[in-house]
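Undergrad: According to our numbering, the sequence shown is numbered sequentially starting from 64.
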Amino acid sequence: MSLKKQVHTVRSRQKQKTFRTLLSSERLEDRCMLTASVGSAYDSVSSTWFASLSHSGGPASSLAVAVSQAPSSSNSASENLNEWIVRLNSEATKTIRSVADAAKAFANAPYGIQVVKGLGLTGQLLLSANASAAKVGDYLKANPLLAYAEQNMRVQALQATPNDPKYTNGDLWGLNNSGQNGGVPDADIDAPEAWDITTGSRSVVVAVIDTGIDYNHPDLRDNMWRNPGETPGDNIDNDGNGFIDDVYGWDFYNNDASVYDSPEDDHGTHVAGTIAGRGNNEIGVVGVN
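1. Using CA atoms only, rank isn't needed, just tell me which of 109, 192, 153 is closest to residue 172.
2. Please list the segments of the alpha helix (DSSP H) lying wholly inside the region 208-261, counting only runs of 4 or more residues, in order along the chain.
3. With a threshold of 16 other CB atoms inside 10 Å of the CB of residue 242, please say whether the residue is buried or exposed.
4. Count the C-beta pairs between the region 316-333 and the region 269-287 that are closer than 8 Å, then say yes if the count reaches three, no if not.
5. Which residue wins for smallest C-alpha separation from residue 269, given the options 227, 247, 338?
6. Between the Cα of residue 150 and those of 174, 181, 163, spot the shortest distance and give me the residue it belongs to.
7. Please classify residue 90 as buried or exposed, where buried requires at least 16 neighbouring CB atoms within 10 angstroms.
8. Beta-carbon within less than 6 Å of residue 328's beta-carbon, same chain only, minus the 5 sequence neighbours each way: which residues are those?
9. Answer with buried or exposed for residue 120, where buried requires no fewer than 16 other C-beta atoms within 10 angstroms of its C-beta.
10. Starting from residue 179, trace the beta strand (DSSP E) in both directions and tell me its first and last residue.
11. Please report the distance separating the alpha-carbon of residue 110 from that of residue 200.
12. Just curious, the beta strand (DSSP E) that residue 190 is in, first and last residue?
13. If contact is defined by three or more beta carbon pairs under 8 Å, each pair taking one atom from either stretch, is the region 245-258 in contact with the region 297-316?
14. Near residue 353, which residues of its chain fall below 6 Å by C-beta distance, leaving aside the five closest residues on each side in sequence?
15. Please go through the same chain and pick out, in chain order, the residues whose beta-carbon is closer than 6 Å to the beta-carbon of residue 239, but skip the five residues on each side of it.
16. Closer than 6 Å by C-beta to residue 352: which residues in its own chain qualify, once you throw out the five before and the five after it? Chain order, please.
17. So for residue 434, helix, strand or coil by DSSP?
18. Locate the alpha helix (DSSP H) running through residue 296, then write down its first and last residues.
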């Protein structure tokens, strides 16, 4: 590295100033510059493949990926739009060179399949259909023109943060631990992250082997399993399973259908609340489901 000193003098009527400037030079390291090459035409985005087609009487198309808000009670993170995102394979794009060409190629396709629009990437298309996903999926995935086919789904952002006071005040740190009350941040089961995917399903039944459960508790009564084959209070074993009036289960200690004997059954109620306490009802706790 070289160093050279220069002296600059500036004069004015009032005073004279001298500025000293240090100039230096250094060698830069070797650098690799990025290229603007995009590879083959098949891997490129083209205005030709952004064209939209109108179909009289056909279904209205959504965007390829749409985001909407769903109520907190929603149990699903996606909705089937009966649309498909497909891509022609590179061999097919040698003869099918536009969205209009693709529409002709699918003109005689079954299940009401038709081209809605291109999605920009060469050979990538949005299709609509009017048959079951199983039938349409089997047809498209076996189609020799296609590199892939997948359902277009509307993604829903679940508003899943519950308003139950025991959750909002931080008592339920096992579900979400931000370090409240001197706890260890993130020492929890990541319940909010799970709720952003699903808040559970009534098709899931959890058996609690513990003390009894207060099935009339306001945080539990709406989520309690009920035996569909049993008629309450008729003193008959309607479903023929050997237990009379087992509407909510069976008390094997006392050998009867009363699954809640207060107060000794409070622990089972607590466990059931952790599993299935109703969320977003502004009382008590919220369960995992």
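Beta carbons are placed, not taken as given, at the ideal position from N, Cα and C, and that holds for glycine.
TA: The short version:
1. 192
2. 228-231, 254-258
3. exposed
4. yes
5. 338
6. 181
7. exposed
8. 274, 275
9. Legend: pLDDT at residue 120 = 38, less than 50; position of this residue unreliable, no value from coordinates given.
10. 177-181
11. 28 Å
12. 187-191
13. no
14. This structure cannot settle anything about residue 353, because the visible part of the chain is limited to 64 through 352.
15. 251, 254, 255
16. 263, 339
17. For the chain, the structure presents residues 64 to 352; residue 434 sits outside this window and is missing.
18. Residue 296 -> no alpha helix (DSSP H), and no H or E assigned at all.
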